[in-house]
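First up is the structure itself, then whatever we jot down about it.
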Amino acid sequence: MAVPTPTKLGHLTPRLLRIFILASIGAMNFGYDNNWWSGAIASKEFNADFGRYVDGPDQPKRLPSSWLSTASGTPIAGWIVGCFVASYLTSSLGRRKTIMILCAVGLVGIIIAVHVCMAIHVKICPRSGAEESLIVRTVQG
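The sequence shown begins at 81 in the working numbering and counts up by one.
Right, here's the structure in full:
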């Protein structure tokens, strides 16, 4: 008795494979961002650079809980706004134009992120870049 071959793989066209790969990259980026942020806020160096003396000057610097809540919650605000905007744009402009617009928004977020990182690392920015970082996390969310 012959074993039937799966027919579902027959529907896997090159175009569908490209869509699958791009969607997978987006999902990996989502997971990477969450894990990166968890590691950053836990590191001693990050807390020493951006933290405050919460428990007194004789204790190590740490990030206040209000900062952690704000920085961790801004991507969620970006997701909520993005869902509403994307559904409206898809209904009015169509799927292709909406994807192009959202890609442009993502590129703007990347440009802001690179600017913030360069300003912090090269020390051309007199501030810590915290405000810009929150904007980046919201846009990229």
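Here a beta-carbon is modelled for each residue, glycine too, at the ideal position from N, C-alpha and C. Predicted model only: the values in this text are computed from it and were never measured.
| field | Given F110 as reference, the closest of G158, Y133, R95 once Cα atoms are compared | value | G158
| Which of helix, strand or coil DSSP assigns to L97 | helix
| query | If we call anything under 8 Å between Cβ atoms a contact, is I121 one with L143? | reply | yes
| Mind pulling the alpha helix (DSSP H) runs of 4 or more residues that sit fully within the region 110 to 195? | Counting only runs of 4 or more, we get 124 to 130, 145 to 173.
| query | With a Cβ-Cβ cutoff of 8 Å, do D166 and L182 count as a contact? | reply | The sequence shown places Ala at residue 166, rather than the Asp named in the question. Yes, these two residues count as a Cβ contact at 8 Å.
| My guess is that K141 and G153 are in contact by the Cβ rule of under 8 Å, so how many angstroms apart are they, rounded? | No, K141 and G153 are not in contact; Cβ-Cβ is about 22 Å, not under 8 Å.
| task | Determine the direct distance from the alpha carbon of E125 to that of G162, and round the result to whole angstroms. | result | 32 Å
| Looking at C-alpha atoms only, which residue of W116, D135, R98 is the closest neighbour of A151? | W116
| Cα-Cα separation, N114 to N127 | N127 has its alpha-carbon roughly 18 Å from the corresponding atom of N114.
| said: On the CB-based measure, 16 or more other CB atoms within 10 Å of its CB, does S145 come out buried or exposed? | reply: exposed
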